[in-house]
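**Student:** My questions all concern the structure below.
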Amino acid sequence: MNDNLQLSPLRKVLLDPASSIELTALEWDVLLCMTDKSRLTASLGNRLERQGMTGELPEEVKTRFLAAQIYSRYRSRLIRWEMNRLQRALRGTNYEVVALKGGAYLLLNLPFAESRLAADLDILVPASDISEFERLLQEQGWEPEELSEYDQRYYREWMHEIPPLRHRERKVEVDVHHALLPLTAKLKPNSDLLFESARPIEGSRFKVLCWKDMILHAVVHLFYDSDLDGRIRDLVDLDELFRRFCGSDRDAWAQLMERSKIQGLQRPLFYALRYCKQIVATPIPNDIQFDDKPSRLAIVIMDRLVPRAIFPDLPGKKNRINSIARWLLYVRSHYLRMPLRLLIPHLLYKSIKGQSH
């Protein structure tokens, strides 16, 4: 078994939060190093607190969790303020704007939202509005980063978002999407359905995706549009969403499965359920049936790669096999994003430039 799974105290605590009170000082050092690398420290502290586990933890550990949560709340305030400024900029317009991921979790006041370390603000607008919307934001002080001609083409012609924007005074990155997946991706979820089912938030200019689409967006973000490198935090997010919106409700699981069929996202959902159950013990019904799931060979390969890639390496133990797993999943993510006629020149270009997207 992969060392990351067999020996990692992070793995133990995610599977069984009660085991946290049995960890040694050395194991806590290892765990906190891993959570810092994966931006999970505040989230883990929040999970343990909600389950009544923090009272018996060492004082040094509680202090680390508290410090991480203070910083996470600070980042959440920045995201909330950025949404406030966007609302101000959009006065007098009728653009439909949907908050995604962390911004949506904050608007819904989900229990894990404040402790989730937010890096940027993601929003979704209709593709037909994207040019005017971008122009409006630039007039209001949001600026694109300088990109090469190739990278401009990469975003404008192939991707599901425009180049990232930052306000000149605040520097919080705003990612403006017009679809869930790149335009060149093999899977093409229907964006019109996303807007039709989006729900308004009282007192906010923003909408959020319906809960089923919110889960499916998190699913494709991790298991279709990423390389899974150190993305254990994203798997924990999925665990939180599954528990929050599905739990033990058989009807909710049926609704999620039906939505995944409609949007053609059963395969990434299969992987999400499989690894949430295996790695973070998400309570998922055993009798869920998929009409479209990966081949047995693909499942065997992913079972070897995902656990190696999704956890950071143990401190001081750089693992070559884990690095190979991450590289293979990196290539997979690009293969799913782009046809070979675009992928090969793209990877060659990025290898020369030393870039990752």
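With our numbering, the residue at position 146 of the sequence shown is 148, and numbering never jumps. Built from N, CA and C at the ideal position, the CB exists for glycine as well.
(1) Taking D253 as the reference, give the member of V238, D231, F135 and I286 with the closest Cα.
(2) Could you tell me whether any non-hydrogen atom of the ligand ADP is closer than 7 Å to the CB of A256?
(3) Distance, Cα to Cα, E61 vs G47?
(4) Which class does I264 belong to by DSSP, given the choice of helix, strand or coil?
(5) Quick one: what's K209 bridged to in DSSP?
(6) Quick check on P146: does DSSP put it in helix, strand or coil?
(7) Does DSSP classify I281 as helix, strand or coil?
(8) To the nearest angstrom, report how far apart Q53 and P19 are at their CA atoms.
(9) Could you give the distance in angstroms between the alpha-carbon of V290 and the alpha-carbon of L12?
(10) Rounded to whole angstroms, what is the Cα-Cα separation between R49 and S22?
(11) Output needed for N4: all residues of its chain with C-beta closer than 7 Å, excluding positions within five of it in sequence on either side, in chain order.
(12) In terms of residue numbering, what span does the beta strand (DSSP E) encompassing R339 cover?
(13) Determine the direct distance from the alpha carbon of R339 to that of D153, and round the result to whole angstroms.
(14) Just to check my reading of the structure: L183 and V222 have Cβ atoms closer than 8 Å, yes? What is that Cβ distance to the nearest angstrom?
(15) For F369, which residues from the same chain have a beta carbon less than 7 Å from its beta carbon, with the 5 sequence-adjacent residues on both sides left out?
**Tutor:** Short version:
(1) Ranking V238, D231, F135 and I286 by Cα distance to D253 puts I286 first.
(2) Of the ligands one can find in the structure shown there are none, so the ligand ADP has no counterpart to examine.
(3) So the two alpha carbons sit approximately 13 Å from each other.
(4) Correct three-state label for I264: helix.
(5) According to DSSP, which records beta bridges pairwise, K209 is partnered with V100 and P202.
(6) For P146, the secondary structure class from DSSP, reduced to helix, strand or coil, is strand.
(7) Of the three classes helix, strand and coil, the one that applies to I281 here is helix, per DSSP.
(8) One C-alpha to the other measures close to 8 Å.
(9) What sits at residue 290 in the sequence shown is Ile, not Val. Their Cα atoms are separated by approximately 28 Å.
(10) Roughly 11 Å between the two C-alpha positions.
(11) Legend: pLDDT at N4 = 46, less than 50; position of this residue unreliable, value from coordinates given subsequently. Here the set comprises P309 and R310.
(12) From DSSP, R339 is part of no beta strand (DSSP E) but of the alpha helix (DSSP H) over R322 to R339.
(13) Near 15 Å, if we compare the C-alpha coordinates of R339 and D153.
(14) Right, the Cβ-Cβ distance comes to about 6 Å (below 8 Å), so this counts as a contact.
(15) No statement about residue 369 is possible, as the shown extent of the chain runs from 3 to 359 and does not include it.
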